[in-house]
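Sequential numbering of the sequence shown, starting at 129, is according to my numbering.
Using N, Cα and C, we set each Cβ at its ideal position, and we do this for glycine too.
Predicted model, so just to flag it, every value in this text is computed and none were measured.
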Amino acid sequence: MTTDRDERSVRIAKMQKLRENGINPYPEKFDKTHTLAECPGLPEGTPVKIAGRIVLSRDMGKIIFAHLLDETGKLQIALSIDHSGQEQLDFFLTYFDLGDFIGVEGERFTTKKGEASILVKKVTFLGKALRPLPEKFHGLQDKETKYRQRYLDLITDDETRRRFQFRGRFIKALRDFYEQEGFVEVETSILCNSPSGALAKPFSTHHNSLDLDVFLRIALEIPLKELVIGGYEKVFEIGKCFRNEGMDPSHLQEFTMLEHYAAYWNYEDNMRFTEKMFAYLLEKVTGSLKVMIPDHDGNLKEVDFTPPWPIVTMRDLIKTDSGIDINEIENVEALRRVIREKGIDVEEMGNLEYGNLVDSLYKKVSRPKLVGPMFMIGHPIELSPLARKNDDNPRIVDRFQLVVNGWEIVNAYSELVDPIDQEERFDQQSKAREGGDAEAHVKDSDYVKAMEYGMPPISGWGMGIDRIVALLTQQGNLRDVVLFPLLRPLQEEEEG
């Protein structure tokens, strides 16, 4: 049985033979006239220069059929004795393998079976592949190999290519929408002195030049709100964030976040903006407000994003699904006792303070049942140290989450702009952190200082790009919409 190592040796020998014959297997460039996707629409006989990777080849004796792949798709080419010449056929059969990149000069024609193709006059080596493509060309079957060698997944699976092309179109449509709504895009730093903006465990590293321990940001929030202090009124950023927490199909430690902040808005303005945004995006990238999304069992169900969406309180959800009324429970000890009495298993309950315990209870009893889209409101103030208190009920904040199929897609609120209130909440979070709540918010004194220079009313909004793309492309795991998710490295002997 021929192994990949044997195949590699054969291909290296071919490459060396090419060099001996004065042919560079890795030339500098090739001037294309068309993409592969453009060729079928050309008139018969149109001369073309195309390029791509060989992904299929069939020797029929006096004619060779091959399929090329480029960024736009696949196309058949044909080399025949009559049009290409025996020399070209021999050259192709002797030196070319699946996976090689070639340039083709020829003309557009249609085969007897009606397939749009290119009749080849000349082929040019553009890149010798030293390793063979996976045998099963219908796509890699092992998930880890798909993640670890995404380039092979892209070569062998049309659906994978379409999925990542969709992601690119989705992000472009987002930027177009923000531009038409008067927002300005900015970039802020990934390294920070204080990991603020969310309840999450940060990654830490060391800055050698400053001899300083720093963190990778867990959110985009703080610098964007400081920009509003500085005079920006509508600002957004798309960027990487990092949270050193558990990994599951709907969470990754490294993820792409979108956040925006609008001066003079409240959270209800952002609800209407969210409905408008999704109506725009879905029409633009899918052509419909009704999309098929996999449920928790992997079965596809239709979800209608047509506004308006229902609004439900966190209290009502938890009460319906567990019988616990959080409005009647004053402190964390009482809440722990009631949860135990109900026989509900909440992980690390003894280390969580009131706000995070309510959130964990909701995630345990309610979130898995939600289909949506729906807005969830009424979050406890302890869970939202950067959000504005509700004027009618100071125990909750003016905040909403957009929930679709049990995934929290958007988190938004009316921002806290009172620096005295903010500092008091940071102090409360610091006490919770000292008590063992590792996800409690870290105090950010520099941000409090910035707030003291004055802030207008603000509503902020955040959405995980990976999560919404996964839903819209019917993927149950965020790794399937991230090009190169982090994995443990293989040992050298395993790599082959």
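Check: Helix, strand or coil for L226? Go by DSSP, reduced to three states.; Outcome: coil
Check: Quick one: Cα of G209 to Cα of P155, how far?; Outcome: With the sequence shown as reference, residue 209 is identified as Ile, and Gly is not the correct amino acid for it. If I take the Cα positions, the gap works out to 26 Å.
Check: Can you tell me which residues form a DSSP beta bridge with E536?; Outcome: V531
Check: Report the CB separation of R371 from I350 in whole angstroms; it is logged as a contact under 8 Å.; Outcome: Not quite, the Cβ-Cβ distance comes to about 15 Å (not below 8 Å), so this is no contact.
Check: Determine the extent of the beta strand (DSSP E) in which Y389 is found, giving its start and end residues.; Outcome: E382 to A391
Check: Answer yes if the stretch 422-437 comes into contact with the stretch 446-454, meaning at least three C-beta pairs across the two stretches below 8 Å, and no otherwise.; Outcome: no
Check: If you count every other CB in all the chains shown that lies within 10 Å of the CB of E621, and 16 or more means buried, which is it?; Outcome: Because E621 sits at a pLDDT of 48, beneath the cut-off of 50, its placement in the model cannot be relied upon, and the point is left open.
Check: Would you tell me roughly how many angstroms separate the C-alpha atoms of V176 and V251, rounded to the nearest one?; Outcome: 12 Å
Check: Report the residue ranges of all alpha helix (DSSP H) runs contained in full by the stretch 476-511; include only those spanning at least 4 residues, in chain order.; Outcome: 482-493
Check: With hydrogens ignored, establish whether the beta-carbon of G189 is closer than 7 Å to any heavy atom of the ligand GDP.; Outcome: Because no ligand of any kind appears in the structure shown, any question about the ligand GDP cannot be addressed here.
Check: Would you kindly work out how many angstroms separate the C-alpha atoms of M385 and P436, rounded to a whole number?; Outcome: 25 Å
Check: Grouping DSSP H, G and I as helix and E and B as strand, with all else coil, what is G367?; Outcome: strand
Check: Determine the extent of the beta strand (DSSP E) in which D341 is found, giving its start and end residues.; Outcome: L340 to L344
Check: Does the distance from the CB of V232 to the CB of I178 come in under 8 Å?; Outcome: yes
Check: Decide yes or no for the touch test of the stretch 310-324 against the stretch 480-496: beta carbon pairs closer than 8 Å, at least 3 of them.; Outcome: no
Check: Just to check my reading of the structure: V531 and F554 have Cβ atoms closer than 8 Å, yes? What is that Cβ distance to the nearest angstrom?; Outcome: V531 to F554, Cβ: 28 Å. No contact.
Check: Rounded to the nearest angstrom, what separates L352 and G310 at their Cα positions?; Outcome: 16 Å
Check: Which residue marks the beginning of the beta strand (DSSP E) containing F253, and which one marks its end?; Outcome: A244 to G255
Check: Pick out whichever of F364, F229, V248 and L355 has its Cα sitting closest to the Cα of D207.; Outcome: One point to set straight first is that residue 207 is Leu, not Asp, in the sequence displayed. For the residues F364, F229, V248 and L355, the minimum Cα distance to L207 belongs to V248.
Check: Tell me whether E235 sits in a helix, a strand or coil according to DSSP, three-state version.; Outcome: strand
Check: Taking C-alpha atoms, which residue in I318, N518 and P547 lies nearest to K368?; Outcome: I318
Check: Nearest-angstrom Cα distance between A391 and Y360?; Outcome: 8 Å
Check: According to DSSP, V176 sits in a beta bridge with which residue or residues?; Outcome: G234
Check: To the nearest angstrom, report how far apart Y279 and L261 are at their CA atoms.; Outcome: 11 Å
Check: At which residues does the beta strand (DSSP E) containing D432 begin and terminate?; Outcome: L428 to D432
Check: Can you tell which of A560, F305 and T239 has its C-alpha closest to the C-alpha of E411?; Outcome: F305
Check: For R523, which three-state DSSP category applies?; Outcome: coil
Check: With DSSP run on the structure shown, which of helix, strand or coil describes V474?; Outcome: coil
Check: Indicate whether the contact test is met: 3 or more Cβ pairs, each with one atom in the stretch 399-410 and one in the stretch 507-525, closer than 8 Å.; Outcome: no
Check: Answer with buried or exposed for F406, where buried requires no fewer than 16 other C-beta atoms within 10 angstroms of its C-beta.; Outcome: buried
Check: Please confirm if the stretch 576-595 is in contact with the stretch 526-543, defined as three or more CB-CB distances below 8 Å between the two stretches.; Outcome: yes
Check: Take D574 as the anchor and find which of C320, L217, E476 and K202 has the nearest alpha-carbon.; Outcome: C320
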